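Numbering-wise (numbering that gives the first Met the number 0), the first sequence opens with residue 0 and increments by one. Encoded as structure tokens, the structure appears first; notes follow it.
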Amino acid sequence: MARILITSALPYINGIKHLGNLVGSQLPADLYARFQRGRGNEVLFLCATDEHGTPAELAAAKAGKPVADYCAELHDIQAGIARQFGLSFDHFGRSSSPQNRDLTQHLAAKLAENGLIEEISERQVYSNADGRFLPDRYIEGTCPNCGYDKARGDQCENCTKQLDPTDLIDPRSAISGSTDLEVRETKHLYLRQSLLKDDLDQWIDSKKDWPILTTSIAKKWLHDGDGLQDRGITRDLDWGIPVKKGDEDWPGMEGKVFYVWFDAPIEYIACAKEWADAHGKPDSAWERWWRTDKGADDVKYVQFMGKDNVPFHTLSFPATILGSKEPWKMVDHLKSFNYLNYDGGQFSTSQGRGVFQDQALEILSADYWRWWLLSHVPESSDSEFTWENFQQSVNKDLADVLGNFVSRITKFCRAKFGEAVPDGGEFGPTEQAVIDDLTTRIRAYEGHMDAMEVRKSAQELRAIWVIGNEYLQSAAPWSTFKTDPEQAAAQVRLALNLIRIYAVLSAPFIPDASARMLEAMQTDDDSWPDDVAAAVTALAPGHAFTVPDVLFAKITDEQREDWQTRFSGTRD
RNA sequence: GGGCCUGUAGCUCAAUUGGUUAGAGCAGAGCGCUCAUAACGCUUUGGUUGCGGGUUCAAGUCCUGCCGGGCCUACCA
Numbered sequence: 000m001a002r003i004l005i006t007s008a009l010p011y012i013n014g015i016k017h018l019g020n021l022v023g024s025q026l027p028a029d030l031y032a033r034f035q036r037g038r039g040n041e042v043l044f045l046c047a048t049d050e051h052g053t054p055a056e057l058a059a060a061k062a063g064k065p066v067a068d069y070c071a072e073l074h075d076i077q078a079g080i081a082r083q084f085g086l087s088f089d090h091f092g093r094s095s096s097p098q099n100r101d102l103t104q105h106l107a108a109k110l111a112e113n114g115l116i117e118e119i120s121e122r123q124v125y126s127n128a129d130g131r132f133l134p135d136r137y138i139e140g141t142c143p144n145c146g147y148d149k150a151r152g153d154q155c156e157n158c159t160k161q162l163d164p165t166d167l168i169d170p171r172s173a174i175s176g177s178t179d180l181e182v183r184e185t186k187h188l189y190l191r192q193s194l195l196k197d198d199l200d201q202w203i204d205s206k207k208d209w210p211i212l213t214t215s216i217a218k219k220w221l222h223d224g225d226g227l228q229d230r231g232i233t234r235d236l237d238w239g240i241p242v243k244k245g246d247e248d249w250p251g252m253e254g255k256v257f258y259v260w261f262d263a264p265i266e267y268i269a270c271a272k273e274w275a276d277a278h279g280k281p282d283s284a285w286e287r288w289w290r291t292d293k294g295a296d297d298v299k300y301v302q303f304m305g306k307d308n309v310p311f312h313t314l315s316f317p318a319t320i321l322g323s324k325e326p327w328k329m330v331d332h333l334k335s336f337n338y339l340n341y342d343g344g345q346f347s348t349s350q351g352r353g354v355f356q357d358q359a360l361e362i363l364s365a366d367y368w369r370w371w372l373l374s375h376v377p378e379s380s381d382s383e384f385t386w387e388n389f390q391q392s393v394n395k396d397l398a399d400v401l402g403n404f405v406s407r408i409t410k411f412c413r414a415k416f417g418e419a420v421p422d423g424g425e426f427g428p429t430e431q432a433v434i435d436d437l438t439t440r441i442r443a444y445e446g447h448m449d450a451m452e453v454r455k456s457a458q459e460l461r462a463i464w465v466i467g468n469e470y471l472q473s474a475a476p477w478s479t480f481k482t483d484p485e486q487a488a489a490q491v492r493l494a495l496n497l498i499r500i501y502a503v504l505s506a507p508f509i510p511d512a513s514a515r516m517l518e519a520m521q522t523d524d525d526s527w528p529d530d531v532a533a534a535v536t537a538l539a540p541g542h543a544f545t546v547p548d549v550l551f552a553k554i555t556d557e558q559r560e561d562w563q564t565r566f567s568g569t570r571d
């Protein structure tokens, strides 16, 4: 039995996420986790909220709440939504956890011990009115290049010129609008990842099967200009993990916190400890997933994320791990995704554009979204959500091909034989052909799922559903029943068994419907169809079942138009 | 500006890494079936692979130049 560690990129805490956030990391990670569990492998699937940083502080301030309270509240909301989407995390942690604080401080101490931390004094913009240092992009002003009056301190969005905040004419705080700004001297810790450039380069080179999107971004950062740059890993903020060297104070760093991108990936590890602690397990329980000296040697570690996260996962975090010189597990496969667009533009949290996760669940249950999003996941390039496409795909695939199959065969059986798997007759060449066809496709499905080829997996699964309808059409039990009821019984028996098989195979995509199918068939047997010939006889003659309610109601034109209108504007 | 990705049927995507006649699903057309959520099955229309050059026995695939879409560019995360 293989052991697979799976992490999804951590959703940021500052609000409810839209569908784009879901499709780019959590949902495919869940698909993979469910599949691997279904195959009988041991899985630890972790995710958490990413809670530190300036945007969290600002969002809390806007909500009029202490930042810790705000984060706790939003964490619970996000956890609830994740549960409703069926995201099967073994633990959904928090980057603000004590476990992460301890580990982050510990790793910083190790990095310092190994000569990989440098203290650098720099000058940053301080806003007296806001009482805080301002990150570059929170300073607005007039672009010295093009005259655009809403240029940000890092870059002018109008002329794309990269800027330094001090370049701006009439700079002001993007938070309060205050012009009472000054440049102050402040000291920060830098991670000297440039010293690890060659190690990282070799490590990336050894990953031949990673998506080109992943490696090309990493390579760019490694080789662009002067190569990999050192990175500041501390900030002048109140909210975050206090800068300490392990348990000890870090002289000169009082009142500062670690940079959110330093502690967020460390939460992947700390989250495993949160999981163990929450279940009263000893440290060895999580260390066997993360410490190669404590049993994690044979673990396969897979990360899922959107493309914007790639540099931190291919460079910064590995630099932290390598630099600690401790035997932490490194990622084996890094699956990255492009973006999902909404009806001709981008989903945007800040602009409130698109469909948000809570709204999505208000109008339809998780399986509809899971199926569409996964079968259209932006794997090779950005993809686009449109209501027409959503309606068409969902109606055709889920309602017509799968749902109607379940409906037609259970109802036919009930009418002709009653609500139990009928006895009599034998499988012939037609049935053998179905078994062969299924075997070929199931093996292909497994291959695509193992390779995390999400779209291809969805296509293959759909083709597997189609086999059921093809079989009924060619076997035509409604005809054979008139002349040879025994033969019809065998045909129905096979078709009813397909429902159980479909439930098992489809569970990673549509877990709710899958559970309802098993429930209707009144079976707990969710064993994977390794041997298809055996699997089509799992439900034996006499086994009682019930006709389920419609698995997937169709989306009507009226609904689609209604939603189209409702979600055409923005949300505040 | 620099780097990377991308452009294939009306739509969403494939194409075993240079190898027969570029394939699926949806949408369209026709036929069949009547168990079923007016569902299902079969057949079928539809392509100058963004455009122009080049390399090769052979190019959707490699090179080059244009055109379009997108991402990243290190202090948002």
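Every residue, glycine too, gets a C-beta built ideally from N, C-alpha and C. Owing to the predicted nature of the structure, the values given are computational and were not obtained by experimental measurement.
Look at the Cβ atom of Gly52, then the Cβ atom of Val259, and state whether they are nearer than 8 Å. Position 53 of the first sequence, counting from 1, holds the residue named residue 52. Position 260 of the first sequence, counting from 1, holds the residue named residue 259. In this structure, Val259 lies closer than 8 Å to Gly52 by Cβ.
Given Ile498 as reference, the closest of Thr438, Thr409, Leu373 once Cα atoms are compared: In the first sequence, counting from the first residue as 1, residue 498 sits at position 499. Out of Thr438, Thr409, Leu373, Thr409 has the C-alpha closest to the C-alpha of Ile498.
Which residue wins for smallest C-alpha separation from Gln192, given the options Lys186, Thr185, Asp200? For this step, residue 192 is matched to residue 193 along the first sequence. Out of Lys186, Thr185, Asp200, Asp200 has the C-alpha closest to the C-alpha of Gln192.
Apart from the five residues just before and just after Thr165, which ones in its own chain have a Cβ nearer than 8 Å to its Cβ? As a first step, residue 165 is located in the first sequence; it is residue number 166 there, counting from the start. Only Val124, Val182 meet the Cβ criterion.
How big is the Cα-Cα spacing for Ala443 and Asp68? In the first sequence, residue 443 corresponds to position 444, counting from 1. In the first sequence, residue 68 corresponds to position 69, counting from 1. Distance between the alpha carbons of Ala443 and Asp68 is about 48 Å.
Am I right that Ile119 and Lys299 are in contact with their C-beta atoms under 8 Å? What's the rounded C-beta distance? Position 120 of the first sequence holds residue 119. Position 300 of the first sequence holds residue 299. Not quite, the Cβ-Cβ distance comes to about 38 Å (not below 8 Å), so this is no contact.
I need the straight-line Cα distance from Cys155 to Pro510, nearest angstrom please. In the first sequence, the residue the question calls residue 155 occupies position 156. In the first sequence, the residue the question calls residue 510 occupies position 511. Cα-Cα distance, rounded: 46 Å.
Using CA atoms only, rank isn't needed, just tell me which of Val330, Phe426, Asp561 is closest to Ala532. Walking along the first sequence from the start, residue 532 turns up at place 533. Answer by Cα proximity: Phe426.
Assigned exposure category for Gln490 - 16 Cβ within 10 Å defines buried: On the first sequence, position 491 is the one that residue 490 refers to. Buried, by the Cβ-count rule.
Straight-line Cα distance separating Glu518 from Pro547: Numbered from its first residue, the first sequence carries residue 547 at position 548. Numbered from its first residue, the first sequence carries residue 518 at position 519. Between Pro547 and Glu518, the C-alpha separation is close to 8 Å.
For Tyr31, three-class secondary structure by DSSP: Here residue 31 corresponds to residue number 32 of the first sequence, with the count starting at 1. Helix.
Could you give the residue range of the alpha helix (DSSP H) that holds Leu169? Position 170 of the first sequence, counted from the start, is the residue given in the question as residue 169. Before going on, a small fix: residue 169 reads as Asp here, not Leu. First-last for Asp169: 168 to 172, but that is the beta strand (DSSP E), not the alpha helix (DSSP H).
How should His74 be labelled, buried or exposed, when 16 other C-beta atoms within 10 angstroms of its C-beta is the threshold for buried? To locate residue 74, count along the first sequence from 1; it is residue 75. Looking at its Cβ environment, which holds 16 or more other Cβ atoms inside 10 Å, His74 is buried.
8 Å Cβ cutoff met for His332 and Val301: The count along the first sequence starts at 1 and reaches residue 332 at position 333. The count along the first sequence starts at 1 and reaches residue 301 at position 302. Yes. Within cutoff.
Beta-bridge partners of Leu339, as assigned by DSSP: Translated into positions along the first sequence, residue 339 becomes position 340. Ser382, per the DSSP bridge assignment.
So, helix, strand or coil for His312, using DSSP? Here residue 312 corresponds to residue number 313 of the first sequence, with the count starting at 1. His312: helix per DSSP, three-state reduction.
Alpha-carbon spacing of Val405 relative to Val535, whole angstroms: Looking up residue 405 in the first sequence gives position 406. Looking up residue 535 in the first sequence gives position 536. Distance between the alpha carbons of Val405 and Val535: 15 Å.
Closest by C-alpha distance to Ala55, when choosing among Phe84, Tyr11, Leu26: To locate residue 55, count along the first sequence from 1; it is residue 56. Nearest option by C-alpha distance: Tyr11.
Compare the C-alpha of Arg492 against each of Pro540, Asp366, Val465, Arg100 and name the closest. Here the question's residue 492 lines up with position 493 in the first sequence. Here the closest residue by C-alpha is Pro540.
Secondary structure at Gly231, three-state DSSP: helix, strand or coil? As a working note, residue 231 is residue 232 in the first sequence. Reduced to three states, the DSSP call for Gly231 is strand.
Pick from Asp262, Val42, Ala512, Met448: whose alpha carbon is nearest that of Ser364? Numbered from 1 along the first sequence, position 365 holds the residue referred to as residue 364. Ranking Asp262, Val42, Ala512, Met448 by Cα distance to Ser364 puts Ala512 first.
Pull up the distance between the alpha-carbon of Asp422 and that of Ala488, whole angstroms please. Counting from one through the first sequence, the residue named residue 422 turns up at place 423. Counting from one through the first sequence, the residue named residue 488 turns up at place 489. Taking the straight line from one Cα to the other gives about 6 Å.
Give a yes or no on contact between the segment 391 to 402 and the segment 428 to 435, applying the rule of three or more CB pairs nearer than 8 Å. no
Distance between Arg461 and Ser205 (C-alpha atoms, nearest Å): Here residue 205 refers to the residue found at position 206 when the first sequence is read from its first residue. Here residue 461 refers to the residue found at position 462 when the first sequence is read from its first residue. The straight-line gap from Cα to Cα measures roughly 35 Å.
My assumption, with CB atoms under 8 Å, is that Leu314 sits in contact with Trp220. Please give the rounded CB distance. As a first step, residue 314 must be located in the first sequence, where it is residue number 315. As a first step, residue 220 must be located in the first sequence, where it is residue number 221. Contact flag correct, Cβ pair sits at about 6 Å.
Assign Leu162 to one of three DSSP states: helix, strand, or coil. Position 163 of the first sequence holds residue 162. Correct three-state label for Leu162: coil.
Taking the Cβ atom as the reference point for each residue, do Glu325 and Gly92 lie within a distance shorter than 8 Å? Counting from one through the first sequence, the residue named residue 325 turns up at place 326. Counting from one through the first sequence, the residue named residue 92 turns up at place 93. No, Cβ-Cβ distance for Glu325 and Gly92 is not below 8 Å.
Taking Cβ to Cβ, would you say Ala396 is nearer than 8 Å to Leu321? For the purposes of this step, residue 396 is taken as residue 397 along the first sequence, with counting starting at 1. For the purposes of this step, residue 321 is taken as residue 322 along the first sequence, with counting starting at 1. Residue identity differs from the one stated: residue 396 is Asp in this sequence, not Ala. Result no, Cβ atoms of Asp396 and Leu321 do not sit closer than 8 Å.
Ile362 - containing alpha helix (DSSP H), residue span: In the first sequence, residue 362 corresponds to position 363, counting from 1. Looking at the DSSP string, the run of the alpha helix (DSSP H) that includes Ile362 is 356 to 362.
Between Ala502 and the rest of its own chain, which residues show a CB-CB distance below 6 Å, the 5 nearest in sequence each way excluded? Within the first sequence, numbered from 1, the residue matching residue 502 stands at position 503. Ser513, Met516, Leu517, listed in sequence order.
According to DSSP, is Ile15 part of a helix, a strand, or is it coil? As a first step, residue 15 is located in the first sequence; it is residue number 16 there, counting from the start. Three-state result, Ile15: coil.
In whole angstroms, what separates the C-alpha of Tyr341 from that of Leu373? The count along the first sequence starts at 1 and reaches residue 341 at position 342. The count along the first sequence starts at 1 and reaches residue 373 at position 374. Taking the straight line joining both Cα atoms gives about 15 Å.
So, does the segment 272 to 290 touch the segment 129 to 141, judging by three or more C-beta pairs under 8 Å? The segment 272 to 290 vs the segment 129 to 141: no contact.
What residue range is occupied by the uninterrupted alpha helix (DSSP H) comprising Gly467? Within the first sequence, residue 467 is the residue found at index 468, counting from 1. Where Gly467 is concerned, the enclosing alpha helix (DSSP H) stretches over 453 to 474.
Could you tell me which uninterrupted beta strand (DSSP E) segments, each at least 3 residues in length, are contained entirely in the segment 94 to 164, listed from first to last along the chain? Entirely contained in the segment 94 to 164, the beta strand (DSSP E) runs reaching 3 residues are, in chain order, 116 to 126, 138 to 141.
Mark Gln104 as exposed unless 16 or more other C-beta atoms lie within 10 angstroms of its C-beta, in which case mark it buried. As a working note, residue 104 is residue 105 in the first sequence. Looking at its Cβ environment, which holds 16 or more other Cβ atoms inside 10 Å, Gln104 is buried.
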